[in-house]
Every structure is written in C-alpha cells, then in structure tokens.
Amino acid sequence: MAVASFYGIMGCGSPSADGGSDAAFIIEDKSAHVVSAYEDTNADAASTQGASDGAGSEATFVSNPDFGVWYPYWDYATATQELDNYGSRVNTISFFAAYFDVNSKAFIPENTTETYKQLKKAGKLKGKTTYLTFVNDKLLAKGSSLKDTQLLYDLIGDPDKAAAHVDEVVALSRQLGCDGIEIDYEAIKKDNTLWGHFNTFATLLAQRCQAESIPLRIVFEPSAPIGNYTWPSNAEYVMMCYNLNGYGTSAGPKANMEWLQTLCSKMKTLPGTVNMALATGGFDFSATGEVKQINYCDAVTQMKAAGSTAQRDPASADMHFSYTDASGISHEVWYADQETIETWIKTINTCGINRITIWRLGGNIA
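For the sequence shown, position 150 (counting from the first letter as 1) is numbered 237 according to this note's numbering, and the numbering increases by one without interruption.
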C-alpha cells in the first residue's frame, strides 16, 4: 500500500510552541476570552469498548482516496503550516467550529472567518471540499458550557425548532463560504428522547442539503446508538475513533485494532458514506490520577529528557513509556507516532473503509 509523507520533517528535539498546553480551547465572544478544557474530551470511547524510541524525523500517513483534517481556529498559526506540508493530499478541511452565544444563537469565531478568507485568497483551498463544523458549546455570562445537551433541546427539541435550526445552520455556512456543513453534537449519551430529536433534525437537514446540493457530514461518538434509527442516505457519517483511554480511565492507548474493527462494523450499517476519524498525540497518565493530553513532539521530548525508552504495544501499535517527575511522582505516557497512525489506517482500510479524517491540524510539529 502506498505511503505518502504528510507532515514533512518534524522538529521534535524541542517542546511545541505552546509549551505542551494543548488542552486549551479558546472560546471568543469579541469582548473576552474564555479558556476551557476541550481537547480530546470530545469522544466517549471509554464507554464502548516492538520497541522503538518513537523519535522518527518524519511522520507519514497511508494515502487514501479521501483524506481530511479538522482545522481549529485557536491554533491557526501552526495549523496553516501543517496544511502547507500536507499539500494536495488533503481532500477535505473541516473548519472547527461554529458554536453558540449566551442567547443560543450560532456564530463563527473571527479567527475562523479571517483564516478561511486568507486560505482561500492564497489558493490553499483549491480542489478541496470545505466544511463548517457546528458544536454544541455555549457561552455563558461567566465561562462556557461544553457539549451542552440543554442547548440541543432548545435548538432541536421539537420539529419546528429543528426546522428553524436547519435554516440557521445553512445560513451561517453560506456566510462563511464553505462548501458543506458538519454537525458535531455530542454528549447525548443514553438520552433516547434527545437522540430522537437529533435524528429528526439530521433528516430535515439532509433533505435541505440534498435539495440545495450541500455536502453534509454528521459526526458520531463511539457509543452513539446509530442502529436504533433510520438515517438519511445523502450524508457522510464520521466516527470518532479515539479516547478508548484518556480522561477518567486507566493508562492506555487512544485506540486499538480490535476496537477499530468493532467501530468499522458498526458504521458499515449506515446508508451513507462512512469516514473514520483518528487522533494524533496521546495522554500523560500520572500516578496521582491526573491525566494530561500530550502531542507527539512533547511526548518524544519528555521521553528523551527522562532517559526512557518507548515500547510499542502490539494490540494498538501505540507507543508508551514511563518516567518519574521532579516531585517523585510516576507517569505513564501513551502516544501515537507515525507507525501507529499508519497501522490504524491500514486496519480501517482492511475493513473496507477508505475515508479518514485526522483530529487535528496544529500542535503536530514543533
């Protein structure tokens, strides 16, 4: 299987530009910045179920017919650099994300609007399908509420509300200029009533998108009860294949091959196009119970500083190593390297799925 370079040379001899604080999602309302822990808390994977130094100089991904990325507005400087490195290999870009103000009205962060305009003017979006991602995060009078399910009840809690929200989503996507719409509404979990509302909304949105030739993507968490509902055939469905382990779990990989195969089987029951999303980086699990997200470069830097050697877990292809910090607290670090991502993609390809999206641009090169 052909392998193509996506990152180019990775300067992992030094920490990332943000000092490893990759867990900040900056929500803007023009007047203030609200910083919330967001990174990779956006999957509920834990509710479903050879040795190397890991310091390779180049990261690559298997070449797929459709390869996409999420572009986060809060890390646009390094994201743009990585997009340049990917070049023509990226087919789709999802601009992350539109969310909701204190009055539950959707809006697009200024950084996203400006970045989209700059990329388009520079010709970097030519030949790519672009999406505006909508998430159920909401600004509050003080702070913010992430993955707010009450917000979803307010937006899609009955057919009339759902129809109005369809209008809102389509209008805002047109305002930015993206080709398509991506819905990433999370934390519905076992709320069957809300799942019913979401299914109605997805159906209405798909009908509108089909009538107006708008590409549509719908993102699912691993525990989503997709088999309990009939879904529209003109959507592309994206499964979040990460956080099998992470916040609130014991130490381990974000994904493993058995779990990926299970998710592929689950997704292949859908009537539309299927896409599997994979995440870069990993987690630092402390003996105190604290869990911190860590990107590839930071993981390699920490490993070298500690004089540790990473081992590859055969069940997941993930890298892992241990170290003791200056306070005498032990840590276990699990992270994905080049071979990990390649192995995950090959596992998915073997299941007959060739569309892959990577969460996310930014923080992958120092």
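Note that CB positions come from ideal geometry on N, CA and C, so glycine has one too.
If you compare the alpha carbons of R447, K234, P246, S337 with that of S191, the shortest gap goes to K234. Per DSSP, N343 lies in no beta strand (DSSP E) segment and is marked neither H nor E. For the region 269 to 350, the continuous alpha helix (DSSP H) assignments of 4+ residues that do not extend past its boundaries occur at 279 to 298, in sequence order. The continuous alpha helix (DSSP H) containing L259 extends over residues 246 to 263.
For T179, the enclosing beta strand (DSSP E) stretches over residues 179 to 187.
Taking a cut-off of 8 Å for Cβ pairs, the region 405 to 422 and the region 339 to 350 touch, as three or more such pairs fall below it. In the three-state reduction of the DSSP assignment, I416 falls in the coil class. Short of 8 Å from the beta carbon of V253, and not among the five residues preceding or following it, lie these beta carbons of its own chain, in chain order: F288, L291, L292, R295.
Annotation: the continuous alpha helix (DSSP H) that includes K207 extends over 197 to 208. By the Cβ criterion, the region 204 to 212 is not in contact with the region 239 to 251, since fewer than three pairs of Cβ atoms, one from each stretch, lie closer than 8 Å. By the beta-carbon neighbour count (other beta carbons within 10 angstroms, threshold 16), Q237 is exposed. With the rule of 3 Cβ pairs closer than 8 Å, the region 370 to 387 does not count as touching the region 301 to 317. Just so you know, the alpha carbons of V325 and V256 end up roughly 18 Å apart. Remark: C-beta atoms of L219 and F194 do not approach each other more closely than 8 Å. Proximity of the region 375 to 393 to the region 345 to 361 falls short of the contact definition, fewer than three beta-carbon pairs being nearer than 8 Å. Following the DSSP letters along the chain, one finds D241 inside the alpha helix (DSSP H) bounded by residues 236 to 243.
For W431, the closest C-alpha among the options G333, M327, Q380 is that of M327.
Rounded to whole angstroms, the Cβ separation of L365 and Y329 is 6 Å, and the two are in contact under 8 Å. In the DSSP assignment, W431 falls outside any beta strand (DSSP E) and lies within the alpha helix (DSSP H) extending over 425 to 437.
With respect to T200, D266 sits apart: the two C-beta atoms are not nearer than 8 Å. Sequence-distant partners of A393 (beyond 5 residues in either direction) whose C-beta falls short of 7 Å from its own C-beta, in its chain, are Y410.
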